[in-house]
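Have a look at the structure below before the remarks.
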Amino acid sequence: MKIGGKMFALLDTEGMESINLKHDSENIPELLAHYSCIKPGYHMSKNHWITLQYTHADMHDVDILKLIDRSYDMVKCSLTKKMKALLDISFSIFDIQSPAYKQALILRQDILRTPLNITMTDKDIAGEDLDIHIGGFHEGVLIAYCIISRIDNQVAKIRQVAVSSKLQGAGIGTKLNEYAEEVVMERG
């Protein structure tokens, strides 16, 4: 099992008897001493991984889940800022009356217009009240944006796709387009 391309758990799917988990090096000896179901990481770094034999676990399920969560959190913390942002993004639709629209106009100017020495005008945004506006938000801040414009009853166009320059290259634009395509399909 991976998060951001990095493994946090290795599950025995054949026999469903064990799982390898990343864990704090300084706490591994204590776990080994207190629980017979925990062994040094099988085929892994013994300093950073444990193997939990959950079919014979002498610990409560809630504690097993805590070990899995700890492994996940440790690996998530080691990810780059870009990768963390990709994991923590929420996508939503908003209208031009929303404060998010003002953020979107700034993002569009910075990413799509400024590099070309072009300034956005009222004419450029005329008619956008008829469009669907989608934002990608990280910690409440708009970091990605696109517009869906209806061409006719069967065709729509995704346009004005912009991702914050600090977060480009992390796959956020791809996720934004996937979300936009879902919206279009849901609306026929």
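For the sequence shown, counting from 1, position 160 maps to 625 in the working numbering; every step adds exactly one.
Built from N, CA and C at the ideal position, the CB exists for glycine as well.
Kindly give me the distance between the Cβ atoms of residue i and residue j, rounded to whole angstroms, as I take these residues to be in contact under 8 angstroms.
| i | j | result |
| --- | --- | --- |
| Phe556 | Tyr644 | 4 angstroms |
| Ala474 | Ser543 | Not confirmed; about 14 angstroms, so no contact. |
| Leu486 | Ile515 | 6 angstroms |
Can you give me the C-alpha to C-alpha distance between residue i and residue j, rounded to a whole angstrom?
| i | j | result |
| --- | --- | --- |
| Asp489 | Met539 | 8 angstroms |
| Gly506 | Gly634 | 34 angstroms |
| Val649 | Phe602 | 19 angstroms |
| Thr586 | Ile597 | 19 angstroms |
| Ala591 | Thr545 | 39 angstroms |
| Gln568 | Asn582 | 20 angstroms |
Which residue's Cα is closest to the Cα of residue i: the options?
| i | options | result |
| --- | --- | --- |
| Gln518 | Gln568, Lys471 and Leu532 | Leu532 |
| Leu595 | Ile583, Leu632, Lys547 and Phe559 | Phe559 |
| Lys631 | Ile599, Lys640 and Asp575 | Asp575 |
| Lys511 | Asp523, Ile637 and Pro494 | Pro494 |
| Asp526 | Leu497, Cys502, Glu651 and Leu551 | Cys502 |
| Glu593 | Glu479, Leu570 and Lys547 | Leu570 |
| Gly470 | Leu641, Glu647, Thr520 and Gly636 | Gly636 |
Tell me the residue span of the alpha helix (DSSP H) that contains residue i.
| i | result |
| --- | --- |
| Gly638 | Ile637 to Glu651 |
| Leu497 | Ile493 to His499 |
Using the DSSP secondary-structure output, state which residues sit across from residue i in a beta bridge.
| i | result |
| --- | --- |
| Cys611 | Ile599 |
| Ile623 | Ile613 |
| Ser563 | Note: Ser563 sits in no beta bridge, so no partner. |
Counting along the chain, where does the beta strand (DSSP E) carrying residue i start and finish?
| i | result |
| --- | --- |
| Leu475 | Ala474 to Leu476 |
| Ser483 | Ser483 to Lys487 |
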